[in-house]
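Novice: Got a structure for you, questions after.
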Amino acid sequence: MASFKTRLSIVVVLLGVTAVLTTLVKVTVRAHPTNAAPLDELPLVIGDFSGTEIPVEQSIKEILETPNVLMREYVGPRGVSITAAVVYYPQYRVYFHMPEGCMVGSGSVIVAEEREIIALPNAQKATLAANKIVLKQRGSDEHVMYFFVSGDLMTPSYPAMRFHLMMEHLKGRTAGAALVRFSTRAGEDNRVQNTQALKAFIADVCPLLPIYLK
Numbered sequence: 006m007a008s009f010k011t012r013l014s015i016v017v018v019l020l021g022v023t024a025v026l027t028t029l030v031k032v033t034v035r036a037h038p039t040n041a042a043p044l045d046e047l048p049l050v051i052g053d054f055s056g057t058e059i060p061v062e063q064s065i066k067e068i069l070e071t072p073n074v075l076m077r078e079y080v081g082p083r084g085v086s087i088t089a090a091v092v093y094y095p096q097y098r099v100y101f102h103m104p105e106g107c108m109v110g111s112g113s114v115i116v117a118e119e120r121e122i123i124a125l126p127n128a129q130k131a132t133l134a135a136n137k138i139v140l141k142q143r144g145s146d147e148h149v150m151y152f153f154v155s156g157d158l159m160t161p162s163y164p165a166m167r168f169h170l171m172m173e174h175l176k177g178r179t180a181g182a183a184l185v186r187f188s189t190r191a192g193e194d195n196r197v198q199n200t201q202a203l204k205a206f207i208a209d210v211c212p213l214l215p216i217y218l219k
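In structure tokens, the structure reads:
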């Protein structure tokens, strides 16, 4: 009798393991979409800014391990120039190259790191928290703001984005993620003007991101 119960227990355990593995295999298949993100359809005119493409070399895409890389320069009133960079991974496994490591060099040093709160233009008076770094350069500083996007989630937290991806993965849903970065140069005479323009531009872009980062 004991032997029968033992064999029955083993069968139940094996069936349970098989069911779990089968579920995981199905989730893995669904979590790797084949469609590329339509980044090139992001509007060239956003608010008062007009954009032009910045070519991205194939070697850069290979280093980033994704073909979905977009870089543009947007120019607005008073000649304010904003560089927009989007790196998108449509699959579950995402490993980003952080701006803090990529942008330091050629005499640039980080002189400030903080969180920036950006008011979004909607009825709910929502806000976006973005990471902000300031790079000291000759004659001017570069103000950089970046955050992560995965579906409707926009967060400055890399762990929060990873947790969101993991939960979507376990639910069997396809989910990709993007690092979205915006920057502008500013000197003593135009620092306030340019940083305010940068925040306003980001506020205009945010409602578009879930549409183009599918």
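This note's numbering applies: residue 6 is where the sequence shown begins, and numbers increase by one. No residue lacks a Cβ here, since even glycine has one placed at the ideal position from N, Cα and C.
1. Using beta-carbon positions only, say whether SER188 and HIS169 come within less than 8 Å of one another.
2. Pull up the CB-CB distance for TYR217 and LEU44, whole angstroms please, since I reckon it's below 8 Å.
3. To the nearest angstrom, report how far apart PHE54 and GLU46 are at their CA atoms.
4. Measure the alpha-carbon distance for GLY192 versus ILE115 and round it to whole angstroms.
5. Quick one: what does DSSP say TYR79 is sitting in, helix, strand or coil?
6. Which two residues bound the contiguous beta strand (DSSP E) that contains ASN199?
7. Buried or exposed: where does HIS174 fall if 16 or more other Cβ atoms within 10 Å of its Cβ makes it buried?
8. Using a Cβ-Cβ cut-off of 6 Å (strictly less than) and excluding sequence neighbours within five positions of LEU214, which residues of its own chain qualify?
9. Near PHE185, which residues of its chain fall below 7 Å by C-beta distance, leaving aside the five closest residues on each side in sequence?
10. ASP209 and GLY52: beta carbons closer than 8 Å?
11. Residues in its own chain within less than 7 Å of PRO82 by CB, not counting five upstream and five downstream?
12. Could you pull the start and end residues of the alpha helix (DSSP H) that TYR217 belongs to?
13. Can you tell me whether DSSP reads ALA165 as helix, strand or coil?
14. Comparing C-alpha positions only, which one of GLU118, HIS102, LEU125 sits nearest to TYR94?
15. Rounded to the nearest angstrom, how far is the Cβ of ILE59 from that of ARG77, given a contact under 8 Å?
16. HIS102 by DSSP, collapsed to three states: which one?
17. Return the bridge partner residues of ILE51 from the DSSP annotation.
Specialist: So, from the data block:
1. no
2. 6 Å
3. 16 Å
4. 16 Å
5. strand
6. First-last for ASN199: 196–210, but that is the alpha helix (DSSP H), not the beta strand (DSSP E).
7. buried
8. VAL154
9. Per the sequence presented here, residue 185 reads as Val, with Phe not at that position. Only VAL91, TYR151, PHE152, VAL154, LEU214 meet the Cβ criterion.
10. yes
11. ASP53
12. 214–217
13. helix
14. HIS102
15. 6 Å
16. coil
17. PHE54
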